[in-house]
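Accompanying notes for the structure given below.
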Amino acid sequence: MSSLSIRYCKNCSKPFNYKVSPYCPKCIIAIDEAFEKCRNYLEKNRLATIKELSEETEVSEKIILLLLKEGRLSMEGNKELRCESCDKPIDSGRYCLECTVKKHNELSYLKSNLRPGETATGRSQSATGKERMHYIPRSKKKDDEEE
Ligand SMILES: [Zn+2]
Ligand SMILES: [Zn+2]
C-alpha cells in the first residue's frame, strides 16, 4: 500500500510523499518563515488583529489562521478563530480550554479501554458474543435425524 504515503499538502494541495508533516516540503519552509515573521511582529504588537498582522508581515490570513490552529501562534487581538467544538472565540489551537480538557478526557478514556488494534466495533461484537452464550443452537437438521 505505497499510496498511503502520498498525501495532499494541507496548504497548497499538491501531492507529496508523507512523512510527518501534513504539508509538502516547500510549504514547511514557507510556513516556518511566515511563523518567524508573525512571531516577531506579535512580540512588539501583542494586540494586533489577523488583518493587521497579514498586512504588516505580508503573510496571508490563511497561513496565519493555520498557525493559530496549530497552536504555534497565539493572538490576543484575534477574534476570528473559534473553537471547532463549541464556537467560542479562542486565542490559538482548535478548541477552547474547556473542550480541550473534554477531548483529552475522551481520548485517555478510549486509550485506557482499547487495546492496540482493538476497535469500538470489535468490543461491541464481543459483547454480543457473550449474550449468544445463553443461546444453545439446535439445528433443524439434527431434530429431523432424531425422529
Ligand atoms: Zn504545499
Ligand atoms: Zn469549545
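Under our numbering, the sequence shown is numbered contiguously, ending at residue 345.
Positions of the beta carbon are idealized from the N, C-alpha and C atoms, including for glycine.
- Here C207 is not near C236, since their CB atoms are 8 Å or more apart.
- Around the beta carbon of Y221, 16 or more other beta carbons lie within 10 angstroms, which makes this residue buried.
- Nearest neighbour of K277 by Cα position, chosen from N303, K249, A246, P287, turns out to be P287.
- Y239: member of the alpha helix (DSSP H) spanning 223-242, first to last residue.
- Here S203 is exposed, its C-beta having fewer than 16 other C-beta atoms within 10 Å.
- Sorted by position in the chain, C281, S283, C284, K286, Y293, C294, E296, C297 make up the residues whose C-beta lies under 6 Å from a heavy atom of ligand 2.
- Taken from the Cβ of C236, every heavy atom of ligand 1 lies 7 Å or farther away.
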